[in-house]
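Chemist: Each residue of the sequence shown is one higher than the one before, starting from 67 at the first, in the working numbering. Pasting a structure here, questions to come.
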Amino acid sequence: KCMQCKKSFSCASALTQHQVVHHGQRIFECVNCGDHFTCSSSLILHLKTHKGEKPFVCTQCTLTQHQVVHHGQRIFECVNCGDHFTRSSSLILHLKTHKGEKPFVC
Numbered sequence: 067k068c069m070q071c072k073k074s075f076s077c078a079s080a081l082t083q084h085q086v087v088h089h090g091q092r093i094f095e096c097v098n099c100g101d102h103f104t105c106s107s108s109l110i111l112h113l114k115t116h117k118g119e120k121p122f123v124c125t126q127c128t129l130t131q132h133q134v135v136h137h138g139q140r141i142f143e144c145v146n147c148g149d150h151f152t153r154s155s156s157l158i159l160h161l162k163t164h165k166g167e168k169p170f171v172c
């Protein structure tokens, strides 16, 4: 039985899956540092950091997990003028210029 919503299940694995999906419980624990994760695949990737493994390697340089920002892949496009941005947050700020908004005051 789920202690949060009181829903009952016929087997423990169904209860575990319910708790992860519906309540975001982080049941997968790292034995090295105690961090918790909602799915086993996230824990497996995390465990590689303790071993010094870097599963995501940039094909253009030796740094990891940064191709979009570092190498300028601009995938967010402004529908008003066609400008492209590396981050959605940059596009959102840019869109304010088309509305005449000036979010940064000197």
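Where is the CB? At the ideal position from N, CA and C, for every residue including glycine.
Rounded to whole angstroms, what's the CA-CA distance from HIS116 to THR82? Just pull it up for me.
Modeler: What you label residue 116 is simply residue 50 of the sequence shown in a count that begins at 1. What you label residue 82 is simply residue 16 of the sequence shown in a count that begins at 1. Cα to Cα, the separation comes out at about 26 Å.
Chemist: Can you list the beta strand (DSSP E) stretches of 3 or more residues lying completely in the region 91–120, in chain order?
Modeler: none
Chemist: What residues are listed by DSSP as bridge partners for GLU167?
Modeler: Within the sequence shown, residue 167 is the residue found at index 101, counting from 1. In DSSP, GLU167 forms no bridge with anything.
Chemist: What's the C-alpha gap between ARG92 and SER79?
Modeler: For the purposes of this step, residue 92 is taken as the residue at position 26 of the sequence shown. For the purposes of this step, residue 79 is taken as the residue at position 13 of the sequence shown. Taking the straight line from one Cα to the other gives about 15 Å.
Chemist: Can you give me the C-alpha to C-alpha distance between PHE103 and GLN85, rounded to a whole angstrom?
Modeler: Locating residue 103 in the sequence shown gives position 37, counting from the first residue. Locating residue 85 in the sequence shown gives position 19, counting from the first residue. In this structure, the straight-line span from the alpha carbon of PHE103 to that of GLN85 is close to 12 Å.
Chemist: Please report how far the alpha carbon of GLU95 lies from the alpha carbon of LEU157, in whole angstroms.
Modeler: As a first step, residue 95 must be located in the sequence shown, where it is residue number 29. As a first step, residue 157 must be located in the sequence shown, where it is residue number 91. Each residue's alpha carbon lies about 37 Å from the other.
Chemist: Would you tell me roughly how many angstroms separate the C-alpha atoms of LEU161 and THR152, rounded to the nearest one?
Modeler: Against the sequence shown, residue 161 aligns to sequence position 95. Against the sequence shown, residue 152 aligns to sequence position 86. For LEU161 and THR152, the distance between alpha carbons rounds to 14 Å.
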